[in-house]
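With the UniProt record's numbering, the residue at position 285 of the sequence shown is 285, and numbering never jumps. Just so it is clear, CB atoms sit at the ideal spot from N, CA and C, and this is done for glycine as well. Bear in mind that the values here come from a model prediction, so they are computed numbers and not experimental data. Please read the structure below before turning to the comments.
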Amino acid sequence: MKVDKIEGLRCLEVHKNSGIEHYPQALELLNRGEGSRSGCGLTFSGDMAEIAQHAYFAESDLLKAKQYAYLSAKAKIIQLQEKPLSSLDTVDMLNIVLISDNAELLHWYSQYVTYIYSDHNRVLHRNKVGSLDYLYLQRHLALQGKFDLLGERAEYILANPPGKANLKYQVDHEFYLGLATGDMEKMAEAIRFLCSKAGVRKRNFSDSNCPSQHFMSPTSLMLGKIANLSGYELDIEDEMYPNELVKIAPLSEYDDQFDYIKSLDIYTEFKSDSFADIERFTPKPPGQYNIDITVQSKPNEKRP
């Protein structure tokens, strides 16, 4: 596939209309406690995300986009509470959280790491070059401000590159090394590549499943937001880099809008029959102890 804004607008319209049509049914099932809570949460979250994307890229309504991104990110937690090993492997869900600029939800998602801790035997895939879990842990280290380990892991994988299939993610580690060392030009250089024709061709349609991939580099949005959250406002002017979305500008008030969303306790303890101690991985409110993701997370480190 290639970037096509006309096709992108068409897809945005189709997806938005589908979201508006289908979310009431998912919400009604949640209200009645019927059907799959996980499935309904996933559906409702996706529908809100479609409305959020359309709001920004088709309507140029940033405030509406942030509000619906907030609803999407909060509703996604319904699914993650029911299936707490679910992955955040594409950038789409993290971008929805970042677009919302809601500090509490961003804190929650920065602590949601069960999907990169479900390891077996002595192999810790989050530390293994060639595993995408290595990349995913980098995102969480960056969001949590664990810059020493972030930089150590970035240096290691850049010096010991993975196989051909994952070489395209090395630019992300260049960014993370820049973030860890405070090198703004290194961060900007990585993002500029992602926004270039070569970067868009290599990454846009594998990193994201959303129509917004026709209007921006999804990974550049994620990395740009992470830089801003860390105190670095990068000087990047590129049509594939959404500067307005990258800026940190929370809404003065977020509207839960639906009774079910209002009553949702996002800190409900995780349960799982296949992950014995999953309760301790449940994200906790700011100020309470959360699992330390720097423990046993050095490059190539194995379980004792």
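Alpha-carbon spacing of residue i relative to residue j, whole angstroms
i      : j      : result
GLY231 : PRO250 : 15 Å
LEU177 : ALA154 : 5 Å
ILE278 : ILE261 : 24 Å
ILE78  : ALA165 : 33 Å
ASP256 : HIS22  : 18 Å
GLY33  : VAL171 : 45 Å
LEU143 : LEU229 : 8 Å
GLN296 : TYR156 : 15 Å
GLN213 : GLU59  : 16 Å
PRO299 : GLN25  : 46 Å
PRO283 : LYS2   : 38 Å
ASP61  : THR219 : 22 Å
PRO161 : PHE175 : 15 Å
GLY287 : GLY145 : 15 Å
THR90  : LEU105 : 18 Å
LEU30  : PRO211 : 27 Å
GLU239 : GLY130 : 32 Å
PRO84  : GLU269 : 10 Å
ALA52  : PRO304 : 45 Å
ALA198 : GLY163 : 19 Å
ALA103 : ASP273 : 31 Å
PHE147 : THR181 : 8 Å
GLU237 : LEU194 : 13 Å
HIS173 : TYR70  : 28 Å
TYR289 : LEU42  : 28 Å
Rounded Cβ spacing between residue i and residue j (contact assumed at less than 8 Å)
i           : j      : result
ILE191      : TYR241 : 7 Å
ALA227      : LEU234 : 6 Å
LEU150      : LEU179 : 7 Å
ILE293      : VAL97  : ILE293 to VAL97, Cβ: 17 Å. No contact.
SER72       : MET48  : 4 Å
GLU82       : ARG37  : 5 Å
residue 305 : GLY8   : Since the first residue of the chain shown is 1 and the last is 304, residue 305 is not available in this structure.
ALA65       : ALA55  : 4 Å
LYS16       : GLU50  : 5 Å
PHE258      : LEU27  : 6 Å
Endpoints, the alpha helix (DSSP H) within which residue i is located
i      : result
SER230 : Per DSSP, SER230 belongs to no alpha helix (DSSP H) and is neither H nor E.
ALA190 : 184-195
PRO242 : Note, PRO242: premise wrong, no alpha helix (DSSP H); not H, not E.
GLN79  : 62-82
ARG139 : 132-143
ILE51  : 37-57
GLN170 : 170-181
CYS210 : Per DSSP, CYS210 belongs to no alpha helix (DSSP H) and is neither H nor E.
GLN111 : 103-111
ASN31  : 5-32
GLU155 : 147-159
ASP259 : 259-263
LEU88  : First-last for LEU88: undefined, no H or E at that position.
Whether residue i touches residue j by CB criterion (9 Å)
i      : j      : result
TYR68  : MET93  : no
PHE275 : SER118 : yes
PRO285 : HIS107 : yes
TYR136 : ASN127 : no
MET187 : LEU223 : yes
ARG203 : LYS168 : yes
SER45  : TYR254 : no
LEU245 : LYS271 : no
ARG280 : ILE291 : yes
SER252 : ASN95  : no
LEU12  : PHE57  : yes
Residue i beta carbon near the ligand COA (any heavy atom closer than 8 Å)
i      : result
LEU124 : The ligand COA is absent from the structure shown, which contains no ligand whatsoever.
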